[in-house]
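In the numbering used here, the protein residues as written are 7 to 341.
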């Protein structure tokens with residue numbers, strides 16, 4: 007199958023033929039079907055498509071097979087020493103009472119040789135690491151393949167749901183009291199974010215610290231539900247919720263300051279939001295941009311990180327970033 011140059015595949019749909027691109031999220035409450043990408047730093051890209059059809063099998067989407075960079079060529083924006091030092095720096099800020107929790111992330115990168123189709127990588131991920139938000143976005147200047155398991159914002163009419171993930175292990179037995187405490191902390195942050203643009207009294211937590219199985223991992227996942235206040239739309243939602251609380255920290259403003267001080271490179275779409283909005287139906291589904299690859303020039307990039315609290319052990323947090331990267335970077339390095 008020959009795939010169009012610009013496309014979105016996610017949630018069982020394939021959208022193609024871009025007719026409008028904007029950086030104003032207010033357009034998402036107009037009309038049409040949109041791809042949405044929001045970077046961790048807050049840059050919004052919305053692309054409206056003329057055609058939306060049922061997505062074909064992933065195996066038919068790629069124009070050519072994926073041949074990834076050799077596994078040994080991947081480098082990291084922070085090595086083990088820098089990362090563990092960063093963990094200690096966050097713990098020091100926690101001791102001072104500046105912050106309760108902050109995510110510390112690193113960006114891995116490898117050089118791509120020759121022509122590569124990001125849809126082919128998305129197909130490899132969908133087969134080797136099935137995820138609720140398996141998808142691909144290919145636009146001018148935007149090439150993303152994701153296997154995100156995490157719901158950032160799911161909207162159906164005036165109902166808005168978020169499902170933050172905090173707590174990761176190989177098996178359920180690996181999950182600790184620290185993981186559960188961290189999950190509850192981030193749920194409180196998400197509740198507070200959503201309450202700023204929803205009807206008073208409508209923010210609820212129907213599920214707290216549920217164990218979910220994913221390929222090679224287990225996660226603790228909670229659900230926060232709410233109802234938008236009259237007149238509020240996507241621009242309002244994104245303004246109060248980005249970047250996602252589960253990949254920033256609490257209080258969010260201080261956590262973002264610390265992230266800016268410690269992380270040497272921007273995260274880009276990693277830890278941002280990736281998904282679709284159907285403005286005509288007043289529906290949308292945005293994933294947190296984790297378990298995600300993106301292309302910058304001739305580089306393929308992938309982010310991995312961990313939530314740091316006072317009880318964090320620096321070596322264990324480094325190991326968690328390794329665990330989160332191992333399977334997916336391995337898949338992207340095939341060939």
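Virtual Cβ for every residue (Gly too), placed ideally from N, Cα, C.
C-alpha gap between residue i and residue j, whole angstroms
{"i": "residue 279", "j": "residue 158", "result": "7 Å"}
{"i": "residue 54", "j": "residue 68", "result": "22 Å"}
{"i": "residue 331", "j": "residue 56", "result": "36 Å"}
{"i": "residue 290", "j": "residue 39", "result": "9 Å"}
{"i": "residue 133", "j": "residue 337", "result": "10 Å"}
{"i": "residue 129", "j": "residue 104", "result": "43 Å"}
{"i": "residue 7", "j": "residue 168", "result": "Residue placement at residue 7 is poorly supported in this model, since its pLDDT is 47, which falls under 50; the coordinates still yield a value, given next. About 35 Å."}
{"i": "residue 259", "j": "residue 70", "result": "43 Å"}
{"i": "residue 265", "j": "residue 92", "result": "9 Å"}
{"i": "residue 284", "j": "residue 206", "result": "26 Å"}
{"i": "residue 100", "j": "residue 328", "result": "24 Å"}
{"i": "residue 75", "j": "residue 224", "result": "28 Å"}
Residue i, buried or exposed, once every other Cβ within 10 Å from all chains shown has been counted against 16
{"i": "residue 102", "result": "exposed"}
{"i": "residue 321", "result": "exposed"}
{"i": "residue 219", "result": "exposed"}
{"i": "residue 313", "result": "buried"}
{"i": "residue 162", "result": "exposed"}
{"i": "residue 216", "result": "exposed"}
{"i": "residue 97", "result": "buried"}
{"i": "residue 21", "result": "buried"}
{"i": "residue 112", "result": "buried"}
CB contact below 9 Å: residue i versus chain E
{"i": "residue 275", "result": "In summary, chain E is missing from the structure at hand, where a single protein chain is found."}
Range of the contiguous alpha helix (DSSP H) that encloses residue i
{"i": "residue 99", "result": "86-101"}
{"i": "residue 185", "result": "183-201"}
{"i": "residue 242", "result": "240-247"}
{"i": "residue 324", "result": "320-338"}
{"i": "residue 222", "result": "Counting along the chain, residue 222 falls outside any alpha helix (DSSP H), and DSSP gives it neither H nor E."}
{"i": "residue 260", "result": "258-268"}
Start and end residues, beta strand (DSSP E) containing residue i
{"i": "residue 150", "result": "148-154"}
{"i": "residue 282", "result": "279-284"}
{"i": "residue 159", "result": "157-162"}
{"i": "residue 165", "result": "165-169"}
Can you list, in chain order, the stretches of the beta strand (DSSP E) that have 3 or more residues and sit fully within the segment 11-97?
-> Segments of the beta strand (DSSP E) lying fully in the segment 11-97: 13-16, 19-28, 39-44, 50-60.
Counting pairs of Cβ atoms below 8 Å between the segment 101-120 and the segment 210-228, do you hit three or more?
-> The answer is no - the segment 210-228 does not touch the segment 101-120, with fewer than three Cβ pairs under 8 Å.
If we count Cβ pairs, one from each stretch, closer than 8 Å, do we get three or more for the segment 290-299 versus the segment 146-166?
-> yes
Spell out a yes or no on whether the segment 306-317 and the segment 264-279 are touching, meaning 3 or more CB-CB pairs, one atom from each, closer than 8 Å.
-> yes
Would you check if there are 3 or more beta carbon pairs closer than 8 Å linking the segment 8-18 to the segment 137-144?
-> yes
Segment contact, 8 Å Cβ cut-off, at least three pairs: the segment 189-203 with the segment 245-255 = yes
Fully enclosed by the segment 105-142, which alpha helix (DSSP H) runs are 4 residues long or longer?
-> Within the segment 105-142, the complete alpha helix (DSSP H) segments of 4 residues or longer fall at 124-134, listed in chain order.
Note down, one range per segment and in chain order, each beta strand (DSSP E) of at least 3 residues found wholly within the segment 282-308.
-> If we require 3 residues or more, the beta strand (DSSP E) runs fully inside the segment 282-308 come out as 289-294, 298-302.
Would you check if the segment 183-193 and the segment 226-238 touch, i.e. whether three or more CB-CB distances between them fall below 8 Å?
-> yes
Cβ pair count under 8 Å reaching 3, the segment 57-67 against the segment 230-239 | no
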